[in-house]
Every structure is written in C-alpha cells, then in structure tokens.
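A.B. asks: One structure, as structure tokens, below. Some questions next.
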Amino acid sequence: MTKEELEQIYHLNNEIKMWQRELERLRCKSIVGSPEITGMPRGNNTSDPTAGLVASIEECEKIIEGKLAEIQFTRKKVIEYINNIEDSYMRQVVFYRNCSLMTWKQVAHEIGQGYTSESVRQSYCRFIEESVTHVTTQ
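As structure tokens, then:
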C-alpha cells in the first residue's frame, strides 16, 4: 500500500467536512430566506427557489452518505494492511496516524516510552519508503 493510499482517509475526512459545511450553509439559507415584497410587478419566472434549495440539500446529503461509505471501505482496507505489518510499534504508528488521524505529537503521546513527534514521523517515513521500495522490487 502506498503513502497516498494510506492518506486517503485523511483526505476523505476533509472532503466530508467540506460537504458538511456546504450542507450547513444551504440549511441556513433555507431558514433565513429572502423577504417577499408584495405589490411589485413580477416576471413569468415559474421556478421555485425553495424546491431548488431542497434539491440541493438532498444532493449534498447524498454526497456525504457516499463519502462516508467510501471512508468506511478505505478504512477497512487500511486496517487489513496494518494488521499485516510485522512490527507492533509500526502497526500502532500507522494506525494512529492514518486511521485515528492523529498529529505526530498525538501519535508520540499515545505510544509513550519517550518517543517524540519527530522520531515517530521519521520511523513512519522510513517504513513507508521501505515498503514501497520492497513492493516495486518484487
């Protein structure tokens, strides 16, 4: 598994947050709405802005559902990969970083034993580099 594949959970998580912000924006827009001014001439525009907004909200909700399913599928693949790593320390580092989405400082804190954020980051980078090199030479 490549570094990019391992990092997909992080990127999908950020994408879900993006769509959740968009959904919140659309929902706020539906609550506020614009005041209707009566007695003013109107065009023949028959579009229903409320229906369009509801459709946008539903579309956004479906996108979020799809991304949540995608993140679950990706997480399952990453965990299968992690379970095949021989070294317990490295399994923990890869899990905390790529599944729990922790910072390097948080990873070091969880592992304990005097590890620093820089030492776990360097171990991770070496492991990934060796794993990719090992896969490409076979």
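FYI, the numbering for the sequence shown is -5 to 132, going by the working numbering.
Heads up, the beta-carbon is just placed ideally off N, CA and C, and yes, glycines get one too.
(1) Where M96 and Y90 are concerned, what is the direct C-alpha to C-alpha distance, given to the nearest angstrom?
(2) E1 lies in the alpha helix (DSSP H); which residues open and close that run?
(3) Count the other CB atoms within 10 Å of the CB of Q116; is the residue buried (16 or more) or exposed (fewer)?
(4) Are there three or more Cβ pairs, one per stretch, closer than 8 Å when the segment 62 to 79 is compared with the segment 42 to 51?
(5) For S125, which option in D81, E112, R15 and Y109 has the closest C-alpha, if you only look at C-alpha atoms?
(6) Do you know offhand how far E74's Cα is from R85's?
(7) Return the residue from the list I76, S24 and L62 that minimises the CA-CA distance to N7.
(8) At which residue ranges does the segment 91 to 129 contain complete alpha helix (DSSP H) runs of 4 or more residues, listed in the order of the chain?
(9) Whose CA, out of G108, V87 and E16, lies closest to the CA of E52?
(10) Would you mind reading off the limits of the alpha helix (DSSP H) that contains N77?
C.D. replies: Straight from the coordinates:
(1) 6 Å
(2) Careful: E1 lies outside any alpha helix (DSSP H) and carries neither H nor E.
(3) exposed
(4) no
(5) D81
(6) 11 Å
(7) L62
(8) 98 to 105
(9) E16
(10) P43 to N77
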